[in-house]
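*Asks:*
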Amino acid sequence: MEIITSVADLRSKVSALKGQGLSVGLVPTMGALHRGHISLVDRARQDNDIVVVSVFVNPTQFNNKKDLETYPRTAEADASLLRQAGADIMFMPSVEEIYPEPDTRVFPLGPVAEVMEGAMRPGHFNGVAQIVSKLFDMVRPTRAYFGEKDFQQIAVIRKMAELEGFDIEIVDCPICRHDDGLAMSSRNVRLTPEQRAVAPAIHRTLAASTEWASDHTLEETKKFVIDELNSFPHMEVEYYEIVDPLTMQPISDWGAPHTLPAVGCVTVYCGEVRLIDNIKYNK
Ligand code: PAF
Numbered sequence: 059m060e061i062i063t064s065v066a067d068l069r070s071k072v073s074a075l076k077g078q079g080l081s082v083g084l085v086p087t088m089g090a091l092h093r094g095h096i097s098l099v100d101r102a103r104q105d106n107d108i109v110v111v112s113v114f115v116n117p118t119q120f121n122n123k124k125d126l127e128t129y130p131r132t133a134e135a136d137a138s139l140l141r142q143a144g145a146d147i148m149f150m151p152s153v154e155e156i157y158p159e160p161d162t163r164v165f166p167l168g169p170v171a172e173v174m175e176g177a178m179r180p181g182h183f184n185g186v187a188q189i190v191s192k193l194f195d196m197v198r199p200t201r202a203y204f205g206e207k208d209f210q211q212i213a214v215i216r217k218m219a220e221l222e223g224f225d226i227e228i229v230d231c232p233i234c235r236h237d238d239g240l241a242m243s244s245r246n247v248r249l250t251p252e253q254r255a256v257a258p259a260i261h262r263t264l265a266a267s268t269e270w271a272s273d274h275t276l277e278e279t280k281k282f283v284i285d286e287l288n289s290f291p292h293m294e295v296e297y298y299e300i301v302d303p304l305t306m307q308p309i310s311d312w313g314a315p316h317t318l319p320a321v322g323c324v325t326v327y328c329g330e331v332r333l334i335d336n337i338k339y340n341k
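Letter by letter, the sequence shown follows residues 59 to 341 of the numbering used here.
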């Protein structure tokens, strides 16, 4: 595996490979890699000749300075995991390399970016669009891989790709979970043992709500999830919305017109750690 830190080197390396007719899969990450990321690399490996993994903690998508400062950074462990997973290129640039000057672009992402994470974290999705558009432009991959834990992010990236005219297949990959159901996240390492012990209740409750939904209204189902999660120590729900999986717009009742399946998206503070997860309803 080659480790590349400069944009110019990345561009020339990848364009030489593509010149040989090879397909390229891109897996954008912020590092602190875990099995969830590796599942994206595995999928990219299956689908492409060459796999590029970017590891970059993108400052423009953090609307909270403390979150940026405390975001885990584990470059050496990341490199060794990527080597084992068979990545061909690890792109690990500095902030100055990516943003030699401030990125002032504002993407008209529209309604997909205005609800849930977009409403709670102003500027977050514009920052995601900035970095992912730069990576797409540098690598021009055949395919790019994103995890469904960040369900809304995938819709935002599809919108950005459409706005910018990128001809890249965006592949969404299933959430990876620990044995107890907690969705894998780089942020999980910041949970105290007590918080880590209750955190699996997030997925358990979402899963239970799919049964509950069979004979309850959408509003009752939302209330079930919120009340149940808030009943655990350390946990506080920020939002729970059941949305159309394409538009990300909340659905008011099960009978309202929407694309199937409706998806429930939750954000929960577990102590100071902000965790997100989602579930598909058979509705
Ligand atoms: O999902 C992430 O880890 C980040 O938002 C991404 C897509 C790598 C952009 O920084």
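Ideal placement from N, C-alpha and C gives every residue a C-beta, glycine not left out.
The model shown is predicted, which means the values in this text are computed figures rather than measured ones.
#1: Go through its chain and collect everything with a Cβ distance to Leu-91's Cβ below 6 Å, but skip five positions before and after it.
#2: Just to confirm, does Asn-336 get its C-beta within under 7 Å of one of the non-hydrogen atoms of the ligand PAF?
#3: Would you call the CB atoms of Ala-74 and Val-109 closer than 8 Å?
#4: Could you check if Met-88 belongs to the surroundings of the ligand PAF, using beta carbon to heavy atom distance under 7 Å?
#5: Can we count Val-186 as close to the ligand PAF, meaning its CB is less than 7 Å from some heavy atom?
#6: Just the Cα atoms here: how many angstroms apart are His-261 and Ala-66?
#7: Determine the direct distance from the alpha carbon of Pro-151 to that of Leu-68, and round the result to whole angstroms.
#8: Identify which residue in Tyr-327, Val-326, Ser-272 has its Cα closest to the Cα of Lys-338.
#9: Give me, in chain order, the residues of the same chain whose beta-carbon lies closer than 6 Å to that of Leu-80; leave out the 5 immediate sequence neighbours on both sides.
#10: Using only alpha-carbon positions, find the residue among Cys-234, Met-306, Lys-124 that is nearest to Ile-212.
#11: What is the residue span of the alpha helix (DSSP H) that Ile-212 lies within?
#12: Provide the residue(s) that pair with Ala-171 in DSSP beta bridges, ordered along the chain.
#13: For the putative contact between Leu-287 and Thr-263, defined by C-beta atoms under 8 Å, what is the C-beta separation to the nearest angstrom?
#14: Distance, Cα to Cα, Glu-206 vs Glu-252?
#15: Comparing the CB of Asp-136 with every heavy atom of the ligand PAF, is any distance shorter than 7 Å?
#16: For Tyr-14, which residues does DSSP report across the bridge?
#17: Rounded to the nearest angstrom, what separates Ile-62 and Glu-155 at their Cα positions?
#18: Can Val-326 and Glu-299 be called in contact, C-beta distance under 8 Å?
#19: With a threshold of 8 Å, are at least 3 pairs of Cβ atoms found where one atom belongs to the stretch 179 to 197 and the other to the stretch 116 to 130?
#20: If you scan the stretch 72 to 130 from start to end, which runs of the beta strand (DSSP E) of 3 or more residues do you find wholly inside it?
#21: Any idea what DSSP makes of Asn-288, helix, strand or coil?
#22: Does the Cβ of Met-178 have 16 or more other Cβ atoms within 10 Å, making it buried, or fewer, making it exposed?
#23: Can you tell me the Cα-Cα spacing of Gly-322 and Ile-226, whole angstroms?
#24: In the DSSP assignment, find the unbroken alpha helix (DSSP H) run with Val-190 in it and report its ends.
#25: Kindly identify the DSSP beta-bridge partner or partners of Gly-205.
#26: Just verifying my parser: in three-state terms, what is the DSSP assignment at Leu-68?
#27: What do you get for Ser-289, buried or exposed, if any count of 16 or more other CB atoms within 10 angstroms of its CB means buried?
#28: Is Met-59 close to chain D? Criterion is C-beta to C-beta, closer than 8 Å.
#29: With distances taken between CB atoms, is the gap from Val-85 to Tyr-203 smaller than 8 Å?
#30: If we count Cβ pairs, one from each stretch, closer than 8 Å, do we get three or more for the stretch 166 to 176 versus the stretch 190 to 200?
*Replies:* By the coordinates alone:
#1: Asp-136, Leu-139
#2: no
#3: no
#4: yes
#5: yes
#6: 43 Å
#7: 10 Å
#8: Ser-272
#9: Same-chain partners within the cutoff: Asp-107, Ile-108.
#10: For Ile-212, the nearest C-alpha among the options comes from Met-306.
#11: 209 to 222
#12: DSSP output for Ala-171 lists no bridge partner at all.
#13: Contact between Leu-287 and Thr-263 is confirmed by a C-beta separation of about 5 Å, below the 8 Å threshold.
#14: 26 Å
#15: no
#16: Since the displayed the chain opens at 59 and closes at 341, residue 14 lies outside it and no answer follows.
#17: 12 Å
#18: no
#19: yes
#20: 82 to 87, 108 to 113
#21: helix
#22: By the Cβ neighbour-count rule, Met-178 is exposed, with fewer than 16 other Cβ atoms within 10 Å of its own.
#23: Their backbone Cα atoms lie some 27 Å apart in a straight line.
#24: 182 to 197
#25: Cys-231
#26: helix
#27: Label assigned to Ser-289: exposed.
#28: Looking at the structure shown, chain D is missing, and only one protein chain is on hand.
#29: yes
#30: no
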